[in-house]
Amino acid sequence: MFRWVGNGLGPLTNSGMRFVADGMLGRLARWLRLTGHDVVYINELDLPPEKQDEFLLAQASKGLVLLTSDLRLYRKSRRSGFKAVLIQASKLSEQLLEVSKALPELEVDLEKSRCPVCNGELEEAERGEVEGLVPRTVLERQENFWRCVQCGKIYWQGTHWRNILETLEEFRRRRNGSNP
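Structure follows, in structure tokens:
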């Protein structure tokens, strides 16, 4: 079951789960990062296509949970004794539901969000540190900012934050068996 943190959803710690995602699951990878999980996304690496399955399986052998939409790769991973989740849905909330059903210990911890772009950790940034890096109107309207320690991208809880919470709420309703 997903547990919730941030914006009144209640405090908790991250489950520490790490993932490796195949090339068809970029959106899911980004969302798992937003919910506090370390996710290696194959399309962000400079690997030739013929080496990707080998890399994915090697990461799974190191304990990362393989997320794949490839039935052949999923079966190969499971035969090898690795933890893997077959993702068949195309809609994000349904993909999250598939992950949740396969991994009931998975947690959502918005306080531990990672950079959805590069998977780096986020640290709080002072308003003065982001001046000139974000639009002036954002600087005037927002109180809190975060910076990725890896790529330097700046984040804040703007209008997109409402969309993130709505998607997670849709997922929660579906997980609990009630229709949106």
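Just so we're aligned: 68 in my numbering is position 29 of the sequence shown, and the numbers increase by one with no gaps anywhere. In this text, a Cβ means the ideal position worked out from N, Cα and C, and glycines have one as well.
Beta carbon of residue i nearer than 8 Å to that of residue j
i: Leu105; j: Pro155; result: no
i: Tyr80; j: Ala97; result: no
i: Trp185; j: Glu208; result: no
i: Val59; j: Leu95; result: yes
Contact belief for residue i with residue j at Cβ below 8 Å, rounded distance in angstroms
i: Ala99; j: Val124; result: With 8 Å as the limit, Ala99 and Val124 do not qualify as a contact, their Cβ atoms being about 11 Å apart.
i: Ile126; j: Leu64; result: 6 Å
i: Leu71; j: Val78; result: 5 Å
i: Gly75; j: Arg153; result: 7 Å
i: Asp61; j: Leu112; result: 7 Å
i: Leu178; j: Glu168; result: Leu178 to Glu168, Cβ: 11 Å. No contact.
i: Arg66; j: Leu131; result: 6 Å
Nearest residue (CA-CA) to residue i, options the options
i: Arg211; options: Thr107, Leu136, Arg66; result: Leu136
i: Met33; options: Lys122, Thr198, Arg66; result: An answer regarding residue 33 cannot be provided, because it is not within the stretch 40 to 219 covered by the chain.
i: Arg180; options: Gly197, Pro143, Leu95, Glu168; result: Gly197
i: Val147; options: Gly216, Leu204, Arg66; result: Leu204
i: Leu149; options: Trp200, Asn82, Arg166; result: Trp200
i: Lys151; options: Asn82, Cys187, Ser108, Thr107; result: Cys187
i: Asn183; options: Pro174, Thr176, Trp195; result: Trp195
i: Ser108; options: Val138, Gly120, Arg118; result: Val138
i: Gly216; options: Lys90, Ser116, Glu133, Asp92; result: Glu133
i: Ala128; options: Glu165, Pro143, Glu89, Leu110; result: Leu110
Beta carbon proximity, residue i to chain C, threshold 8 Å
i: Leu136; result: Absent from the structure is chain C; it holds one protein chain and no more.
Can you find at least 3 beta carbon pairs, one from the stretch 154-171 and one from the stretch 191-206, that sit closer than 8 Å?
Yes, the stretch 154-171 touches the stretch 191-206.
What ranges does the beta strand (DSSP E) occupy inside the stretch 74-113, keeping only unbroken runs of at least 3 residues that lie completely in it?
Runs of the beta strand (DSSP E) inside the stretch 74-113: 77-80, 104-107.
Within the stretch 123-168, note down every full beta strand (DSSP E) run reaching 3 residues or more, in order along the chain.
123-125, 161-164, all fully within the stretch 123-168.
Ignoring anything shorter than 3 residues, give me the beta strand (DSSP E) runs that lie fully in the stretch 166-196, in order along the chain.
For the stretch 166-196, whole beta strand (DSSP E) runs of length 3 or above, ordered along the chain, are 184-187.
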